[in-house]
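Written below as structure tokens is the structure these notes are about.
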Amino acid sequence: MAYNDKFLPSALPKELGASKKLKYLWMTVANLVGEIPESFNNLSSLEHLDLALNKLNGTIPGGMLMLKNLTHLYLFNNTLSGHIPSSIEALNLKEIDLSKNYLTGPIPAGSGKLRNLSALNLFWNQLSGEIPENVSLIPTLETFKIFGNQLSGVLPPAFGLHSELRRFEVSENKLSGELPQHLCGRGALLGVVASNNNLSGEVPNSLGNCTSLLTIQLSNNRFSGEIPSGIWTSPDMLGVMLDGNSFSGTLPSKLARNLSRVEISNNKFSGPIPAGILSLLNLLLFKASNNLFSGEIPVELTSLPSISTLSLDGNQLSGQLPIDIISWKSLFALNLSTNYLSGPIPKAIGSLPRLVFLDLSENQFSGEIPHEFSHFVPNTFNLSSNNLSGEIPPAFEKWEYENSFLNNPNLCANIQILKSCYSKASNSSKLSTHYLVMIISFTLTASLVIVLLIFSMVQKYRRKDQGNNVETWKMTSFHKLNFTESNILSRLAQNSLIGSGGSGKVYRTAINHSGEVVAVKWILTNGKLGQNLEKQFVAEVQILGMIRHTNIVKLLCCISSESSNLLVYEYMENQSLDRWLHGKKRAVSSMDSGSDIVLDWPMRLQIAIGAARGLCYMHHDCFPPIIHRDVKSSNILLDSEFNAKIADFVLAKMLAKQVEDPETMYVVAGTFGYIAPEYAYTRKANKKIDVYSFGVVLLELATGREANRGNEHMNLAQWAWQHFGEGKSIVEALDEEIMEECYMEEMSNVFKLGLMCTSKAPSDRPSMREVLLILDRCGPQQGHAT
1 MAYNDKFLPS
11 ALPKELGASK
21 KLKYLWMTVA
31 NLVGEIPESF
41 NNLSSLEHLD
51 LALNKLNGTI
61 PGGMLMLKNL
71 THLYLFNNTL
81 SGHIPSSIEA
91 LNLKEIDLSK
101 NYLTGPIPAG
111 SGKLRNLSAL
121 NLFWNQLSGE
131 IPENVSLIPT
141 LETFKIFGNQ
151 LSGVLPPAFG
161 LHSELRRFEV
171 SENKLSGELP
181 QHLCGRGALL
191 GVVASNNNLS
201 GEVPNSLGNC
211 TSLLTIQLSN
221 NRFSGEIPSG
231 IWTSPDMLGV
241 MLDGNSFSGT
251 LPSKLARNLS
261 RVEISNNKFS
271 GPIPAGILSL
281 LNLLLFKASN
291 NLFSGEIPVE
301 LTSLPSISTL
311 SLDGNQLSGQ
321 LPIDIISWKS
331 LFALNLSTNY
341 LSGPIPKAIG
351 SLPRLVFLDL
361 SENQFSGEIP
371 HEFSHFVPNT
381 FNLSSNNLSG
391 EIPPAFEKWE
401 YENSFLNNPN
411 LCANIQILKS
421 CYSKASNSSK
431 LSTHYLVMII
441 SFTLTASLVI
451 VLLIFSMVQK
461 YRRKDQGNNV
471 ETWKMTSFHK
481 LNFTESNILS
491 RLAQNSLIGS
501 GGSGKVYRTA
511 INHSGEVVAV
521 KWILTNGKLG
531 QNLEKQFVAE
541 VQILGMIRHT
551 NIVKLLCCIS
561 SESSNLLVYE
571 YMENQSLDRW
581 LHGKKRAVSS
591 MDSGSDIVLD
601 WPMRLQIAIG
611 AARGLCYMHH
621 DCFPPIIHRD
631 VKSSNILLDS
641 EFNAKIADFV
651 LAKMLAKQVE
661 DPETMYVVAG
671 TFGYIAPEYA
681 YTRKANKKID
691 VYSFGVVLLE
701 LATGREANRG
711 NEHMNLAQWA
721 WQHFGEGKSI
731 VEALDEEIME
741 ECYMEEMSNV
751 FKLGLMCTSK
761 APSDRPSMRE
771 VLLILDRCGP
781 QQGHAT
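For the sequence shown, full-length UniProt numbering begins at 1 and goes up steadily by one.
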């Protein structure tokens with residue numbers, strides 16, 4: 001009966017508890033609802049119970065861990081709550097998986113009695129208290145995963161000493177103290193994941209001798225000291241993530257050949273970047289920002305064929321960049337800012353086919369901007385605070401790049417922030433009196449116009465009319481800010497408009513002279529919300545402003561008046577997903593070569609997983625749950641490294657409630673092509689309308705088609721279901737532009753998941769927790785990434 005989500009929602013029959021001889025009950029993904037019957041405490045012969053991936057709620061029956069013949073207990077991915085039963089007599093248990101529920105309270109002290117237990121998975125719950133020391137003494141324990149809880153105290157020191165521990169994942173808790181010294185005591189350890197805690201001390205030397213280790217993730221703790229050299233050279237090591245600590249020392253001359261991720265930013269590492277990095281043919285990410293690295297960048301660094309992100313900003317690197325970029329064809333993001341690099345900018349950078357983020361600011365680069373940059377228009381581009389000279393390429397004479405060239409005294413361009421190139425003419429000193437009079441007259445006139453415009457803008461922001469009615473603005477901040485409301489109001493300008501729609505206009509706004517940018521959404525209500533709805537909107541914005549999640553756009557503050565609301569967000573350099581999927585985001589302007597950057601499948605899958613995590617958090621980890629109401633590809637924003645973040649989840653609700661205006665009485669939050677069928681006529685919002693909309697996004701990612709254009713007669717979801725219902729090959733529906741044989745299975749699975757999410761009956765759609773689980777299984781497996 002397992003893996004059949006076509007069953008109608010049904011409860012577990014109490015009568016099953018009378019089946020004294022029942023040994024195996026396997027009902028995974030069977031659309032089960034309701035509680036686990038207390039009668040299950042009577043299943044004395046039961047050996048294997050699997051009720052995972054359903055919609056069961058309530059508590060775990062108190063006698064469940066008293067069943068003496070039970071060997072496997074799988075209840076993960078439900079909505080179970082309450083405490084884990086404290087009475088434990090099921091001493092034959094080998095595997096327990098209660099992950100991804102809402103369980104609270106402590107890990108039972110009696111867990112250490114389970115001397116045959118090999119796997120204990122309790123991650124993504126709300127457990128608290130300390131880890132029982134006797135759990136570390138279980139002689140058969142191989143897998144211990146408790147990440148994503150609220151556990152505190154120290155890690156028991158005996159972990160790994162008495163068993164062949166393989167997977168140790170304790171991230172996202174409140175743990176303190178040091179890492180256990182003997183995690184790899186039996187030489188079988190594959191992964192240590194302990195990020196986002198309050199752990200301190202040094203990394204145990206024993207981990208340097210652990211040749212079985214595949215990944216070590218210790219980010220965002222208070223560790224210090226040097227990293228044992230063996231960690232860098234372990235033959236099978238895939239990922240080293242240590243950012244956000246106080247580690248010191250140098251990198252060894254040779255690194256593990258199979259490394260794909262090195263993330264060591266915000267530490268105190270020093271010395272040169274080793275030339276031995278040449279051997280890392282599989283390296284995808286190398287992030288070493290804000291350390292003390294010095295010396296020159298080795299030419300070997302340009303020979304990495306798979307590198308997609310290279311961040312060395314905030315160090316003490318010097319010398320020239322290697323002129324010949326040998327093999328950076330996959331590079332998306334390059335950040336070398338805030339160093340002491342000098343000499344010319346290599347021409348080859350302007351020819352990198354996939355580069356969309358380039359920051360070389362605050363260095364000592366000199367010479368002209370290479371002509372090759374004329375055909376290279378990245379989404380984020382910063383050459384400010386260098387010694388560059390000459391004329392900037394015409395392609396960069398746009399408002400998007402107004403802060404990209406600041407503090408380069410010898411640069412010129414036909415944009416306001418730089419001096420005009422015409423002033424460099426060799427005969428400028430010989431200008432006739434006639435021309436001098438014209439220039440002075442023009443300058444005076446322009447100055448007067450600017451003064452009048454500024455005065456007019458101030459009047460527009462400060463007054464409703466010519467009388468004494470002053471419109472006051474109130475700023476509510478949700479983070480520590482380095483700007484004021486006047487910084488925002490005075491810098492809003494029509495030429496910085498980057499988007500508009502039913503919820504308002506969006507401006508890209510520089511908040512200070514350093515070039516820092518925010519996104520400002522101006523919602524003009526003209527008092528139509530009404531006093532009660534206005535208060536409710538402000539209250540909801542305050543709640544949302546307190547949300548802290550990697551995959552939700554950060555709301556910095558809200559600036560309100562009687563007629564307007566300004567929501568100030570972190571600026572997302574790569575803007576919205578729809579710009580990259582549909583019509584493709586231009587790497588160059590239409591006046592240039594016309595080549596496009598296309599998001600490949602690994603990047604699309606990464607975006608899908610990130611967006612799913614954001615929505616899953618809103619649905620399952622917020623209280624009360626937050627319904628977005630307008631999930632679509634234009635509300636999924638991408639940062640400089642293409643991490644997905646959910647945006648605009650308060651605005652749809654506000655717009656849908658503007659019932660005081662007769663013209664908006666029948667407005668439905670949402671966008672055509674994404675709206676769940678039942679919502680269009682009931683207007684009752686629940687989690688399943690978001691799931692439907694996200695399913696359309698998944699179909700967009702897999703097919704490359706727009707949501708409202710499946711074909712000329714139907715939207716994408718309707719077209720996908722018709723394609724599937726006619727028995728046609730799913731492969732025929734996939735995006736040909738990115739389809740490769742190695743990705744075909746993943747793309748087909750995401751297409752099918754999109755179909756599940758867009759089922760007509762809401763009860764047939766999975767939860768966002770289930771969607772995330774399925775997507776996570778499609779992604780690369782390196783242990784739990786934090």
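For every residue, glycine included, the Cβ atom is placed at its ideal position computed from N, Cα and C.
Quick caveat: nothing in here was measured; it's all calculated off a predicted structure.
Should residue i be labelled buried (16 or more other beta-carbon atoms within 10 Å of its own) or exposed?
i    : result
N78  : buried
M591 : Caution applies to M591, whose pLDDT of 31 falls short of 50 and renders its modelled position unreliable; the model cannot decide the point.
G187 : exposed
Y401 : buried
D324 : exposed
P393 : buried
T472 : exposed
A288 : buried
L43  : buried
E562 : exposed
H713 : exposed
V541 : buried
K14  : exposed
T380 : buried
S420 : exposed
G727 : exposed
T476 : exposed
Helix, strand or coil for residue i, going by three-state DSSP, please let me know.
i    : result
T509 : strand
I264 : coil
T380 : strand
A519 : strand
A717 : helix
H479 : coil
N121 : strand
T250 : coil
N42  : helix
Do you know offhand how far residue i's Cα is from residue j's?
i           : j    : result
S87         : K145 : 21 Å
L775        : M739 : 18 Å
N407        : F76  : 56 Å
L638        : E172 : 24 Å
F694        : N643 : 17 Å
L25         : S633 : 41 Å
N197        : S128 : 14 Å
K94         : F159 : 18 Å
T701        : L8   : Reading the sequence as shown, one finds Leu at residue 701 and not Thr. Cα to Cα, L701 sits roughly 29 Å from L8.
I84         : Q150 : 15 Å
F478        : P677 : 36 Å
residue 799 : P378 : Examination of residue 799 is not possible in this model, given that the chain is present from 1 through 786 alone.
L65         : W124 : 21 Å
G148        : I227 : 26 Å
A720        : L566 : 39 Å
Under 8 Å by Cβ, that's how I've got residue i and residue j pegged, so tell me the actual separation to the nearest angstrom.
i    : j    : result
D578 : I627 : Not confirmed; about 21 Å, so no contact.
T309 : P322 : About 18 Å separates the two Cβ atoms, so there is no contact after all.
L489 : A608 : Not really, about 37 Å apart at Cβ, beyond 8 Å.
L312 : L280 : Their Cβ separation, rounded to whole angstroms, is 15 Å, which puts L312 and L280 out of contact at 8 Å.
V518 : V568 : 5 Å
D735 : T758 : Between T758 and D735 the Cβ distance is about 18 Å, and since that is not below 8 Å, they are no contact.
Sorted by chain position, which residues of the same chain lie with C-beta nearer than 6 Å to residue i's C-beta, five sequence neighbours on each side aside?
i    : result
S19  : none
G499 : V506
W580 : L599
L275 : It should be noted that the sequence gives Ala, not Leu, for residue 275. The answer, listed in chain order, is P298, E300.
N220 : S195, N196, G244
Cutting at 7 Å between CB atoms, please list the residues of its own chain near residue i, excluding the five before and the five after it.
i    : result
R166 : E142, T143, A188, L189, L190
Got a sec? Which residues, its chain only, sit under 8 Å from residue i by beta carbon, not counting five neighbours each side?
i    : result
N363 : L336, S337, T338, N339, Y340, L341, S342, S385, N386
T28  : A2, Y3, D50, L51, A52, L53, N54, Y74
G201 : G177, E178, L179, F223, S224, G225
K100 : F76, N77, N78, F123, W124, N125, R769, L773
L716 : G673, V696, L699, E700, T703, R705, E706, A707, N708, R709, G710
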